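No gaps in the numbering here: position 148 of the sequence shown is 148 in UniProt numbering, and each next residue is one more. The C-beta atom is built at its ideal place from N, Cα and C for all residues, glycine as well. Computed from a predicted structure; not experimentally measured. Quick notes on the structure that follows.
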Amino acid sequence: MHQPLDQGAMAQLFLDARSHNGWQDLPVPDRLLEQLYDLTKMGPTSANCSPARFVFVRTRQGKELLKPCLSSGNLEKTMSAPVTVIVAYDSRFYDRLPELFPHADARSWFTGSPEISHETAFRNSSMQAAYMLMAARSLGLDTGPMSGFDAKAVDLAFFSDTHWRSNMLINLGYGDSSKLFDRLPRLSYSKTCILT
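The structure is reproduced here in structure tokens:
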């Protein structure tokens, strides 16, 4: 049986962690992004389908390509973030299932229904995005996840010749705590949970 994480780890991952809106002018090394992915990929997905794909936008050219796709409220913080991750999903994720789930014909579970395939890709890439948030925090990075962007514009700018489709954005770097908003309330256990 595993032991619970200590309070310091709990604070870094959840209790003190925040969604950042401003960033220190410190680079995120490419090697750290590789470590980030190597942790993220270990989280479970349905039939190990692993549909998420990640574009680490970290150059001025990449940010300029992303800029017109952003909502006005996310523009400044995204342009100043050292890295913005486009979390996408591969709409043909099932083509990798013979490699990822070799003990059954899992590919056939998804090829017959576009609706089930889309739902699986979107749900599981969303879970993988959450794993990435926790992995980033565990590596000492701060995060700022966002859904305020034009997904069709991102897909056109970054994925026009692929089967990838955008799901969400995550800004990564070392946060500027002076630009944090006050923490908003969370719903209590009694308001959100049922025991049955």
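- Partner residues in the beta bridge of Ser-19, as assigned by DSSP, are Thr-143.
- At a Cβ-Cβ threshold of 8 Å, Ala-135 and Thr-40 count as neighbours.
- Around the beta carbon of Pro-98, fewer than 16 other beta carbons sit within 10 angstroms, so the residue counts as exposed.
- Taking the CA atoms as reference points, Leu-36 sits about 28 Å from Arg-107.
- The DSSP-derived three-state label of Tyr-89 is strand.
- Assignment of Met-127 by DSSP, reduced to helix, strand and coil, places it in the helix class.
- The shortest CA-to-CA distance from His-163 to any of Phe-93, Lys-77, Gln-12 and Gly-22 is the one to Phe-93.
- Taking C-alpha positions only, Asp-95 is separated from Val-85 by approximately 24 Å.
- For Trp-164, DSSP records a beta bridge to Asp-90.
- CA-to-CA, the gap between Leu-180 and Ala-104 works out to about 48 Å.
- Taking 8 Å as the cut-off, the beta carbon of Gly-73 is found closer than this to the beta carbon of Gly-148.
- If you check the CB distance, Val-87 and Met-168 come in under 8 Å.
- In the three-state reduction of the DSSP assignment, Gly-148 falls in the coil class, being assigned neither a helical nor a strand state.
- Just measuring C-alpha positions, the residue of Phe-14, Ser-91, Ser-188 and Arg-137 sitting nearest Glu-119 is Ser-91.
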